[in-house]
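Enquirer: Sharing a structure here in C-alpha cells format.
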Amino acid sequence: MLSPFLPPEVVLNIFLYVPAFYLKYFHDELPTGKLKDIVAFNLYKSVYFGPPTPDESLHRVSIEELRDLARQDSGPRIKVLILEEIDDIGDYKDVFESFLQFVGENSLFMAEIPVVHYKGSTIFLTKYASRLTVANFVSWKGLELHAIDISSVLDILPSNLAELKFANEANTYMAISEFPSTLRKLAVFANVDTGKICLPAHLEEFECMAEIQIWDEFPQGLKKLSLLQHFILPEFEFTDSLTDLSLRSCSIRHSGLTRFVLPQNLKKLTLSHNPLGSIDRVNFPDSLEDLDISGCGIASLDDVTFPPLLEKLQVSDNELTNLENVDFPPLKFLDVSTHSTVFITSMSKIKFPTTLVTLCSSGQPVEDWSKTKLPESLQVLTIMVSERAADLRFPKCLEKLRILFLKSSRAVFADLKLPKTLVLLHLQNGKCLDFDWNLPLLKKMYVKGIVGSIQIPDTVEELELFARDYEVYQNLTLPYGLESVTMRYLITRYPETLHTLKITNFDSQLEVEWPPRLRTLYLSPGEYDDVDGSNLKLPRTLEFLKSEFDPEPEWRLQRLLSARS
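In the working numbering, each residue carries its 1-based index in the sequence shown increased by 109.
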C-alpha cells in the first residue's frame, strides 16, 4: 500500500494510472480515512452504468453504489456518467426498472452530474425524461429513427447535446431543421434523402454514410468531414476550415481526384477503397500530415510528389511490387501490408526515411529482410519472413515486433537475436525450446502455431498462446503477474493475478481452479460440441461472461452469472 507520508496530491496523481477494478478493491478493503476518500474520488468521478462489458477503463457502478453515493452529503461526486441502455428483457429487466426508480427518487443527485454520455434507444430516454430533465446529456449514440417516432425524438433532444449519432430507418423523407445550438459532432447513417437534414451552423465534426443524396455545401466552421459510400459526389468546394477529410468507398477515380480542390489547411486525408489506380499529378496540400490510400488499386508510387510535412502514409492492400524508386518524405509511419495476390518480395534497396518509427509489412513475403537496412529510429516492426531466424537483425531501440514466419523457413525462436528493449513480441510459426528469452521489459507476448515447449518471461502481463500440440499446455507454467491470457485449451491452474481469460476450445469436463480475481471470461466450444453451464462454478468476482455456444447454453451461463451470490 502507498506510504502514509506521501502528500495527498501525489497519491491522487498515482491513482490516475491505477485500473478501475484495483481502485474498487482498495476502496472495499481500506478502513475509513483520508486514503479511502482519495480512492473513492478517483473511482467514482467517471463511471459506467449498463450491461456487463470487458472494458475496464471505467468502474461499472451498481444501483447499490449509486444509492450510497446519493445518501452522502460530502462524499465523492460523479463528474461523468457513461449510460448504456439495458434491454428491458430477460435477466436485466429488474436492473432496468431499478435504475429508472432510482432516477425518480434521486432527481437532484442525477441532475447534478455535469456530463452524461448516453448510448441507447428513444424508448429508454423517453422513460428517463419523464422522470428527470436530460439537460446534462451531452452525447447520444445508438439512436435509430423511424417514421413513427421522428417527432417524439425531436421533442426530447437534450438542449445541451454536443454529440449525436443516429441511423435513419424512416420509410419517408425526413426533414430536420432544428438541432440544439450546442451540437458540435453529428453522425448520420441513412438510406433516405439526407439532404433534407439541415446541418447546424456551428457543427465541427460530421460523419455520414448514405447512398442517395448529400449536401452541396457544409458549415463554414467544419473541421472534420467523413463521407462513406457516397457513389455520386457533387461538384462542391471543401470549406477551408477542414483539417480532417475522409472519403472512403466513394467510387472516386483518378480523374475525379485531380479536379478536387483540397483545403489548404488539411492535415489528414483518407481516400481508402476508391478505384484511384494512381495518385500521380494529385495536388496534395503542403499541410498534409496523414494520408490513407489503402485499397485503391495503386501499382506504383515512383513519380509521386508527397507533401513535405507528411508523417503517416498508409498504402496497404494495393498492387505495389516495388518501392525502390520512391522518394519518401520524412515519415514516422509507413504501412505497406497486403491481403492481395500482388506482392513486394524485396525490401533491401528501399531508401526508408531515417525518421521512421513504425513499419508494417504484414502479408508481404519479403525474401531479403536480412539484407534490408532498417532505420535505427524504428520502434515498431511487423513483417513476414521466409529466411532463417538466425539471419535476422533488428534496430537496437525496437519496442514492438511482430513476425510471421513462412512454414518453409523452419524458424527456431531461440536463434532470434532480439533487442532487450522489446515490450511486445508476436511470433507465428516456428519451433520453440524451453529457453530464457532475456527480454527484461516484455509486457505483451503472442505466440501462435508453435511446436515444442515454451517458457513465459516473468515480466509478461498479457499472453496469447496457440500451440499445435496439446502437450504444450499440459507442461505450461504461467508466471505470477499475468493479467490477461488467451489460449486454445484450459490448464488446471492460473496465477491469482489473472483478471481476463479467453479459451477457444473450452472443455467443461475439466476441473479448473479459477483465479480468485477473474473479472472477464470468454468461452468458445471450438472442437467441443456443447457446454453444460449448469455445473460450471464461476468465481464471485466475475463481471463479464461471453460464450459462443448455442442460445440455450448461453442463457444458462448468463443466468448462472447474474444469479451468483
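Glycine included, each C-beta is placed from N, C-alpha and C at the ideal position.
Computed from a predicted model, the values in this text were never measured in an experiment.
(1) Would you mind sorting Pro624 into buried or exposed? The rule is 16 or more other CB atoms within 10 Å of its CB.
(2) According to DSSP, Thr609 sits in a beta bridge with which residue or residues?
(3) Which class does Gln583 belong to by DSSP, given the choice of helix, strand or coil?
(4) Go to Tyr598, then tell me how far its beta strand (DSSP E) extends in each direction, as first and last residue.
(5) Using 8 Å as the threshold, is the stretch 424 to 439 in touch with the stretch 476 to 490, meaning 3 or more CB pairs across them?
(6) Tell whether a beta-carbon distance below 9 Å holds between Ser381 and His363.
(7) Have a look at Val521 and Lys540 and give me their C-alpha separation to the nearest angstrom.
(8) Short of 6 Å in beta carbon distance, which residues of its chain neighbour Ser562, apart from the five on each side in sequence? Order them along the chain.
(9) Would the stretch 147 to 157 and the stretch 604 to 617 be scored as touching if the rule is three or more Cβ pairs under 8 Å?
(10) Candidates Arg176, Val170 and Ile222: which alpha carbon is nearest Lys188's?
(11) Taking the alpha carbon of Trp546 as the point to measure from, which residue in Val391, Lys529, Gln537 and Phe415 has its own alpha carbon closest?
(12) Bridge partners for His226 per DSSP, in chain order?
(13) Nearest CA to the CA of Ser593: which residue from Asn245, Glu605 and Ser360?
(14) When we look at the beta-carbon of Thr281 and count the other beta-carbons within 10 Å, is it buried (16 or more) or exposed?
(15) Name, in chain order, the residues that DSSP records as bridge partners for Cys469.
(16) Any idea what DSSP makes of Ser207, helix, strand or coil?
(17) Have a look at Leu375 and Asp349 and give me their C-alpha separation to the nearest angstrom.
(18) Which value, in whole angstroms, describes the spacing of the CA atoms of Val466 and Ala296?
(19) Can you tell which of Arg176, Leu587 and His608 has its C-alpha closest to the C-alpha of Thr601?
(20) So Leu192 and Phe158 are supposed to be a Cβ contact under 8 Å. How far apart are they, rounded?
(21) Do you know offhand how far Glu420's Cα is from Asp395's?
(22) Considering Ser216, what are the terminal residues of the alpha helix (DSSP H) in which it resides?
(23) Do you know how far the Cα of Thr463 is from the Cα of Glu326?
(24) What would DSSP say about His168, mapped onto helix, strand or coil?
(25) Taking the beta strand (DSSP E) that Gly365 falls in, what are its first and last residues?
(26) Evaluate Ala244 with the Cβ neighbour count: other Cβ atoms within 10 Å of its Cβ, from every protein chain shown; 16 or more gives buried, anything less gives exposed.
(27) Put Asn151 into one of helix, strand or coil per three-state DSSP.
(28) Judging by CA-CA distance, which residue of Ser358, Leu630, Thr367 and Thr352 is the nearest neighbour of Pro648?
(29) Can Leu654 and Pro161 be called in contact, C-beta distance under 9 Å?
(30) Among the candidates Asp426, Ile453 and Glu496, whose CA atom is the shortest distance from the CA of Leu525?
(31) Which first and last residues belong to the alpha helix (DSSP H) in which Ile232 is found?
(32) Give me the residue from His311, Gly229 and Cys307 with the minimum Cα distance to Phe275.
(33) Just verifying my parser: in three-state terms, what is the DSSP assignment at Ile306?
(34) What is the C-beta distance between Glu313 and Ser335, in whole angstroms, given that I count them as a contact (C-beta under 8 Å)?
(35) In whole angstroms, give me the CA-to-CA distance for Gln564 and His136.
(36) Counting only the same chain and skipping the five closest in sequence on each side, list residues whose C-beta sits under 7 Å from that of Thr450.
Expert: Well, looking at it:
(1) Working through the sequence shown from its first residue, we reach residue 624 at position 515. So Pro624 counts as buried.
(2) Here residue 609 is taken as the residue at index 500 of the sequence shown, counted from 1. Paired residues: Ser593 and Thr629.
(3) Within the sequence shown, residue 583 is the residue found at index 474, counting from 1. Gln583: helix per DSSP, three-state reduction.
(4) Here residue 598 is taken as the residue at index 489 of the sequence shown, counted from 1. Neither: Tyr598 is in no beta strand (DSSP E) and is coded neither H nor E.
(5) Not touching, per the Cβ criterion.
(6) Counting from one through the sequence shown, the residue named residue 381 turns up at place 272. Counting from one through the sequence shown, the residue named residue 363 turns up at place 254. In this structure, His363 does not lie closer than 9 Å to Ser381 by Cβ.
(7) As a first step, residue 521 must be located in the sequence shown, where it is residue number 412. As a first step, residue 540 must be located in the sequence shown, where it is residue number 431. Each residue's Cα considered, the two are about 5 Å apart.
(8) Within the sequence shown, residue 562 is the residue found at index 453, counting from 1. Hits under 6 Å: Asp543 and Asn584.
(9) As far as the Cβ criterion goes, the stretch 147 to 157 does not touch the stretch 604 to 617, which means the pair count is below three.
(10) Here residue 188 is taken as the residue at index 79 of the sequence shown, counted from 1. With distances taken between CA atoms, Lys188 lies nearest to Ile222 out of Arg176, Val170 and Ile222.
(11) In the sequence shown, counting from the first residue as 1, residue 546 sits at position 437. If we check each option's Cα against that of Trp546, Lys529 comes out closest.
(12) As a working mapping, residue 226 is identified with position 117 in the sequence shown. DSSP lists Ile191 and Ser248 as partners of His226.
(13) For the purposes of this step, residue 593 is taken as the residue at position 484 of the sequence shown. In terms of CA proximity to Ser593, Glu605 leads the group Asn245, Glu605 and Ser360.
(14) Reading the sequence shown from its first residue, position 172 is the one you call residue 281. Annotation note: pLDDT 48 at Thr281 (below 50); position unreliable, coordinate value reported separately. By the 10 Å Cβ count, Thr281 comes out exposed.
(15) Counting from 1 along the sequence shown, the entry for residue 469 is found at position 360. Residue pairing for Cys469: DSSP places it in a beta bridge opposite Asp444 and Thr491.
(16) The residue given as residue 207 occupies position 98 in the sequence shown. Helix at Ser207.
(17) Counting from one through the sequence shown, the residue named residue 375 turns up at place 266. Counting from one through the sequence shown, the residue named residue 349 turns up at place 240. Going by C-alpha positions, Leu375 is about 8 Å away from Asp349.
(18) By 1-based counting over the sequence shown, the position of residue 466 is 357. By 1-based counting over the sequence shown, the position of residue 296 is 187. Cα to Cα, Val466 sits roughly 33 Å from Ala296.
(19) Taking the first residue of the sequence shown as position 1, residue 601 is located at position 492. Measuring from the Cα of Thr601, the nearest candidate turns out to be Leu587.
(20) Residue 192 sits at position 83 when you count from the first residue of the sequence shown. Residue 158 sits at position 49 when you count from the first residue of the sequence shown. Yes, they are in contact, since the Cβ atoms of Leu192 and Phe158 sit about 5 Å apart, within 8 Å.
(21) Against the sequence shown, residue 420 aligns to sequence position 311. Against the sequence shown, residue 395 aligns to sequence position 286. Cα to Cα, Glu420 sits roughly 12 Å from Asp395.
(22) Here residue 216 corresponds to residue number 107 of the sequence shown, with the count starting at 1. Unbroken alpha helix (DSSP H) run through Ser216: Ser216 to Ala220.
(23) Along the sequence shown, one-based indexing puts residue 326 at 217. Along the sequence shown, one-based indexing puts residue 463 at 354. Their backbone Cα atoms lie some 41 Å apart in a straight line.
(24) Sequence index remark: in the sequence shown, residue 168 carries index 59 (1-based). DSSP places His168 in the strand class (E or B) of the three-state scheme.
(25) By 1-based counting over the sequence shown, the position of residue 365 is 256. Where Gly365 is concerned, there is no enclosing beta strand (DSSP E), although the alpha helix (DSSP H) it sits in stretches over His363 to Arg368.
(26) Here the question's residue 244 lines up with position 135 in the sequence shown. Ala244 should be labelled exposed.
(27) Position 42 of the sequence shown, counted from the start, is the residue given in the question as residue 151. Three-state DSSP puts Asn151 in a helix.
(28) The residue given as residue 648 occupies position 539 in the sequence shown. Measuring C-alpha to C-alpha distances from Pro648 to each of Ser358, Leu630, Thr367 and Thr352 identifies Leu630 as the nearest.
(29) One-based indexing of the sequence shown puts residue 654 at position 545. One-based indexing of the sequence shown puts residue 161 at position 52. The answer is yes: Cβ separation under 9 Å.
(30) Position 416 of the sequence shown, counting from 1, holds the residue named residue 525. With distances taken between Cα atoms, Leu525 lies closest to Glu496.
(31) Your numbering for residue 232 matches position 123 in the sequence shown. In the DSSP assignment, Ile232 falls within the unbroken alpha helix (DSSP H) covering Thr231 to Ala238.
(32) Position 166 of the sequence shown, counted from the start, is the residue given in the question as residue 275. Ranked by how close their Cα comes to the Cα of Phe275, the residues His311, Gly229 and Cys307 have Gly229 in first place.
(33) Position 197 of the sequence shown, counted from the first residue, corresponds to residue 306. For Ile306, the three-state secondary structure derived from DSSP is strand.
(34) One-based indexing of the sequence shown puts residue 313 at position 204. One-based indexing of the sequence shown puts residue 335 at position 226. No, Glu313 and Ser335 are not in contact; Cβ-Cβ is about 12 Å, not under 8 Å.
(35) Looking up residue 564 in the sequence shown gives position 455. Looking up residue 136 in the sequence shown gives position 27. The straight-line gap from Cα to Cα measures roughly 36 Å.
(36) Within the sequence shown, the letter at position 341 stands for residue 450. Around Thr450: no qualifying Cβ.
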